[in-house]
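Colleague:
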Amino acid sequence: MNGAEAMVQCLLEEGVNTIFGIPGVAIAPFYEAMYENQDKITHILVRQEQAAGHAASGYARISGKPGVCVASSGPGATNLITALATAYADSIPIIAITGQVASTLLGRDVFQEADMRGATESFVKYSYLVRNVNDIPQIFREAFYIANTGRKGPVLIDIPCDIQKLTLKKEFSYPKSVDIRGYKPNTKGNRQQMEKVIESINKAKKPLICVGGGVILGQAQKEVRSFCEKFRIPMVSTMMGIGVMPKKHPLYFGMLGNNGKPYANKAVAGSDLLIIVGARVADRAVPKPDELERKVSVIHIDIDSAEIGKNMGPTLPLVGDAKDIFAQLLEADIQIDTSGWLTQLEEVKKTTVDHRVFSDRLVNPMTFVKTLSDKMDKDAIYVADVGQNQLWSADNYIMKEGRFLTTGGMGTMGYSIPASIGARFAAPDRQIVTVCGDGAFQMSMYELGTIAVAKLPMKIIVVKNRYLGLVREHQEKVYEGHYFGTQLEDYPRYDSLAKAYDMQYFEAWSNEELDGTLDAFLKADGAALMVVNIDSANNTK
Amino acid sequence: MKGIFSVLVENKDGVLSGISGLFARRGYNIDSLAVGETDKHDVSSMTIVSTGDERTIDQIEKQLNKKPDVIKVRRLEESRAVELEMMMIKVSYSATNRASLIELCSVMGAKIMHVTMKYMIIELAKEPETLDEFVMLCKPYGILEVQRTGTIAMSKK
Chain A
0 MNGAEAMVQC LLEEGVNTIF GIPGVAIAPF YEAMYENQDK ITHILVRQEQ
50 AAGHAASGYA RISGKPGVCV ASSGPGATNL ITALATAYAD SIPIIAITGQ
100 VASTLLGRDV FQEADMRGAT ESFVKYSYLV RNVNDIPQIF REAFYIANTG
150 RKGPVLIDIP CDIQKLTLKK EFSYPKSVDI RGYKPNTKGN RQQMEKVIES
200 INKAKKPLIC VGGGVILGQA QKEVRSFCEK FRIPMVSTMM GIGVMPKKHP
250 LYFGMLGNNG KPYANKAVAG SDLLIIVGAR VADRAVPKPD ELERKVSVIH
300 IDIDSAEIGK NMGPTLPLVG DAKDIFAQLL EADIQIDTSG WLTQLEEVKK
350 TTVDHRVFSD RLVNPMTFVK TLSDKMDKDA IYVADVGQNQ LWSADNYIMK
400 EGRFLTTGGM GTMGYSIPAS IGARFAAPDR QIVTVCGDGA FQMSMYELGT
450 IAVAKLPMKI IVVKNRYLGL VREHQEKVYE GHYFGTQLED YPRYDSLAKA
500 YDMQYFEAWS NEELDGTLDA FLKADGAALM VVNIDSANNT K
Chain B
302 MKGIFSVLVE NKDGVLSGIS GLFARRGYNI DSLAVGETDK HDVSSMTIVS
352 TGDERTIDQI EKQLNKKPDV IKVRRLEESR AVELEMMMIK VSYSATNRAS
402 LIELCSVMGA KIMHVTMKYM IIELAKEPET LDEFVMLCKP YGILEVQRTG
452 TIAMSKK
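Going line by line, the protein sequences match chains A and B.
Under the numbering used here, think of the first position of the first sequence as 0, with each following residue one higher.
Under the numbering used here, think of the first position of the second sequence as 302, with each following residue one higher.
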């Protein structure tokens, strides 16, 4: 068996059945080995490597297993970096396999050589440069383990093309276990700290849980939700935590932060104990952490100890796996009465007036997201891109029991289309709707080719306002309406584009048209593209 | 405040750049960094000295611990650790002050490694603060060159 065949065998051992990539000479031996195994692993040829990374991210988020993306050396590999940085910021487990120039030529600046380990150092959880063909099984086993345990994240395997062609000395054998002496993720919460947490919950009069993406990554939604329900503790979420609780749940008080619900922020400010779970406490969610920590006691629960105390000093840190910790907390002796606090929050929710006004000239963006969510399946996957469309989506989408995918950490425009493609392969039978702005759409529209060839029934909605909307909004508010470099005008001609890729085309120009057009769009056979025209004067706040 | 970290790492390529990169991109200071093999050929030991507020020093420890190539991080308290740094210093002298320079070396426990008609190369291995003092004391003579290894440290426990 040669190195390339061993790589494919490793993927099979890990249960991988779909990979996303683009070949090149430096990764050609691997593709030759894939050719022999194409009945076992589907390869999806994307149109640019960044999309392979985002597709792997979408796949990972829905399947719960690491997504795999593949690129060749040099520019192919460097094109992956934005996707790796995105997955790193969002803690998504992906395995990136990149071809490299021959090991004998490393460091000589030969054609298509790029130092991928060096270039990705700050964007991956770990990286390997394979120097010995016999190490391949061990490296793959470790890579999958590191990517999908502890705080999840991307792992890079850079492999010179000559190593892929060398023969393994011994018969292929995949390691059964992993023992990395410097990597032992701590999952069980410290007993003493647990007791302190229980004690401080028992003392609290106005406790509030704030959930982040870590709860979903740790598959702890059920435990956290049951905990809130059992002890009647209200919840707010970050953008990445949307979906832990259905939007209409009586204990859910919305997304917090700059772009969140004002009443969610009031809930945070009014609480006496904030329990943060699997969230970074980054600037968009908590703009003034120092101020908050002076007012409120904070319990910070995270699998990554470095997140605790990084942006806000917690009163009580607890390192561990959210699923494990909340399973224990569910059984804990907690006696609290939050009825007064819940009534107070209900009142806050009722009396907090949303001052925003959306334009009904063309389609009202709020009406659009609400109408769309009403029509979506209970377990549907809503993939939002980045920008105004993302904030309107996060704000107005009525989450039931499905998933809300977006890149809240890195905010990479163009994420939604390739991420939806990945999600489609992880959940072929679930309804998936992609919502992006006309700016983000054009950063990934080349992926319509991938969709057409693979005959994927993707449903893509472009919320079109002819601008890079969120920057336009910033220019309006901060720079006296000096709109510069943000005009997209009326291109592309979306109907022609849909036709070019054999997609059905839909378009809505008014609130009246919206309902019927959305029905037809969602019911369409095969891939469909819908443009929702909105007034560019609409802002997010 | 000062943070002294004794870090055991995998002895393989890319580890040092990973650690120094971590300091660079997160804006942590490296006051000194010394690396060498331990008694195990596959384990290297690093002593990293940094300064920052309590939260930064705490973050450095946590961020170091996150790296799979980092086997163990120990934060050494200055009072409970012994520190050592080695320095070579090239100092010029004249006939009139030669004797006093030799006397200074003797008082400070420094060793004269090499002598020419115009300068001496002096070796000193002590705590970093003593090295700083010695540099100051040599200034009046005229310092031509200084080389320091960076601190190595060990817990007394």
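For every residue, glycine included, the Cβ atom is placed at its ideal position computed from N, Cα and C.
All figures in this text were calculated on a predicted structure; none of them were measured in a lab.
1) By DSSP, does R402/A sit in helix, in strand, or in coil?
2) Spell out whether any CB of chain A is found under 8 Å from the CB atom of G353/B.
3) Given a cut-off of 8 Å, decide if S345/B and V310/B are closer than it, judged by their beta-carbon atoms.
4) Only counting the same chain, and skipping five residues up and downstream in sequence, which positions put a Cβ closer than 8 Å to that of A519/A?
5) Just the chain B side, please: which residues come within less than 9 Å of A76/A by C-beta, in chain order?
6) Write down the C-beta distance between F19/A and A51/A rounded to the nearest angstrom, noting that I regard them as a contact closer than 8 Å.
7) Please name the residues in the segment 301–323 of chain A whose beta-carbon is closer than 9 Å to at least one beta-carbon of chain B, in chain order.
8) Please name the residue in S304/A, A266/A, D303/A and T97/A whose C-alpha comes closest to that of L291/A.
9) In terms of residues, what are the limits of the alpha helix (DSSP H) holding I272/B?
10) Taking buried to mean at least 16 other C-beta atoms within 10 Å of its own C-beta, is Q364/B buried or exposed?
11) Can you tell which of S338/A, P313/A, S509/A and L128/A has the C-alpha that lies nearest to the C-alpha of L361/A?
12) Any contact of the segment 380–394 of chain B with the segment 433–448 of chain B, i.e. 3+ C-beta pairs under 8 Å?
13) Please list, in chain order, the chain B residues whose beta carbon lies closer than 7 Å to that of E506/A.
14) Should Q448/B be flagged as near chain A, meaning a C-beta pair shorter than 8 Å?
15) Label P286/A either buried or exposed according to how many other C-beta atoms from any shown protein chain fall within 10 Å of its C-beta, with 16 as the threshold for buried.
16) Just checking: is the beta-carbon of I372/B within a distance shorter than 8 Å of some beta-carbon in chain C?
17) Hey, Q99/A and P22/A: beta-carbon distance below 8 Å or not?
18) Run the CB neighbour count on V109/A, radius 10 Å, all protein chains shown included, and call it buried at 16 or more, exposed below.
19) Using a threshold of 8 Å, state whether the C-beta atoms of A305/A and V276/A are closer than that.
20) Considering only C-alpha positions, which residue in the set K463/A, G212/A and T166/A is nearest to S535/A?
21) I want to see whether chain B comes within less than 8 Å of G181/A, judged by CB atoms only; does it?
22) Would you mind telling me which residues of chain B sit closer than 9 Å to E120/A, beta carbon to beta carbon, in chain order?
23) By how many angstroms is the C-alpha of D301/A removed from the C-alpha of D370/B?
24) Who are the near neighbours of Q137/A in its chain, counting only those whose CB is closer than 8 Å to its CB and skipping five residues on each side?
25) Can the beta-carbon of I307/A be found less than 8 Å from the beta-carbon of I200/A?
26) Please decide whether D340/B counts as near chain A, where near means a Cβ-Cβ distance under 8 Å.
27) Which runs of the alpha helix (DSSP H), 4 residues or longer, sit entirely within the segment 27–87 of chain A?
28) Give, in chain order, every residue of the segment 118–147 of chain A whose Cβ lies closer than 7 Å to some Cβ of chain B.
29) Which whole-angstrom value is the C-beta distance of E472/A and T539/A, which I expect to be below 8 Å?
30) So with CB distances below 9 Å, who are the chain B contacts of R231/A?
31) Nearest by alpha-carbon distance to A326/A: which of K374/A, R423/A and V223/A is it?
32) Is Y144/A buried or exposed, if buried means 16 or more other CB atoms sit within 10 Å of its CB?
33) Please tell me whether N78/A and Q37/A are closer than 8 Å, where the distance is taken between their beta carbons.
34) Using a Cβ-Cβ cutoff of less than 6 Å, which residues in the same chain neighbour G152/A once the five nearest sequence positions on both sides are dropped?
35) Report the start-end ranges of each alpha helix (DSSP H) in the segment 509–533 of chain A that is 4 residues or longer and not cut off at the edges.
36) Going straight from the alpha carbon of D384/A to that of A439/A, what length do you get?
Modeller: Working from what's here:
1) Correct three-state label for R402/A: strand.
2) With 8 Å as the cut-off, G353/B does not count as an interface residue toward chain A.
3) Going by C-beta atoms, V310/B is nearer than 8 Å to S345/B.
4) Beyond the five residues adjoining it in sequence on each side, A519/A comes within less than 8 Å, by CB distance, of F505 in the same chain, given in chain order.
5) Within chain B, not a single residue places a beta-carbon under 9 Å from that of A76/A; the smallest gap is close to 16 Å.
6) In this structure F19/A is in contact with A51/A, their Cβ atoms being roughly 4 Å apart against a cut-off of 8 Å.
7) Residues passing the 9 Å Cβ filter: D303, S304, A305, E306, I307, G308, K309 and G312.
8) The shortest C-alpha to C-alpha distance from L291/A to any of S304/A, A266/A, D303/A and T97/A is the one to A266/A.
9) Only positions 302 to 458 of chain B appear in this structure, which leaves residue 272/B out of reach.
10) Buried is the label assigned to Q364/B, since at least 16 other Cβ atoms lie within 10 Å of its Cβ.
11) When each option's Cα is compared against that of L361/A, the closest is S509/A.
12) Short answer: they touch.
13) Scanning chain B for C-beta atoms nearer than 7 Å to the C-beta of E506/A yields nothing, as the closest lies near 45 Å away.
14) Using a CB distance cut-off of 8 Å, Q448/B does not count as an interface residue toward chain A.
15) Classification of P286/A: exposed, given that the 10 Å Cβ count is below 16.
16) Among the chains of the structure shown, chain C does not appear; the protein chains present are A and B.
17) Not a contact, by the Cβ cut-off of 8 Å.
18) Classification of V109/A: exposed, given that the 10 Å Cβ count is below 16.
19) Cβ atoms of A305/A and V276/A: not closer than 8 Å.
20) The shortest C-alpha to C-alpha distance from S535/A to any of K463/A, G212/A and T166/A is the one to K463/A.
21) The C-beta of G181/A comes closer than 8 Å to at least one C-beta of chain B.
22) Contact note: E120/A reaches chain B through G315, S318, G319, G322, L323 and R326, using a C-beta cutoff of 9 Å and chain order.
23) When rounded, the distance between both Cα atoms is 22 Å.
24) Here the set comprises P174.
25) No, the pair does not count as a contact, with Cβ atoms beyond the cut-off.
26) With 8 Å as the cut-off, D340/B does not count as an interface residue toward chain A.
27) Listed in chain order, they are 27–35, 48–62 and 74–78.
28) From the segment 118–147 of chain A, only E120, S121, Y125 and I145 have a Cβ closer than 7 Å to chain B.
29) Contact flag correct, Cβ pair sits at about 6 Å.
30) Under the 9 Å cutoff, chain B gives no residues; its nearest Cβ is about 34 Å from R231/A.
31) Out of K374/A, R423/A and V223/A, V223/A has the C-alpha closest to the C-alpha of A326/A.
32) Y144/A counts as buried, since no fewer than 16 other beta carbons sit within 10 angstroms of its beta carbon.
33) No, Cβ-Cβ distance for N78/A and Q37/A is not below 8 Å.
34) Closer than 6 Å at Cβ, skipping near neighbours: Y87, S90 and K124.
35) List check, alpha helix (DSSP H) in window: 510–522.
36) Their backbone Cα atoms lie some 7 Å apart in a straight line.
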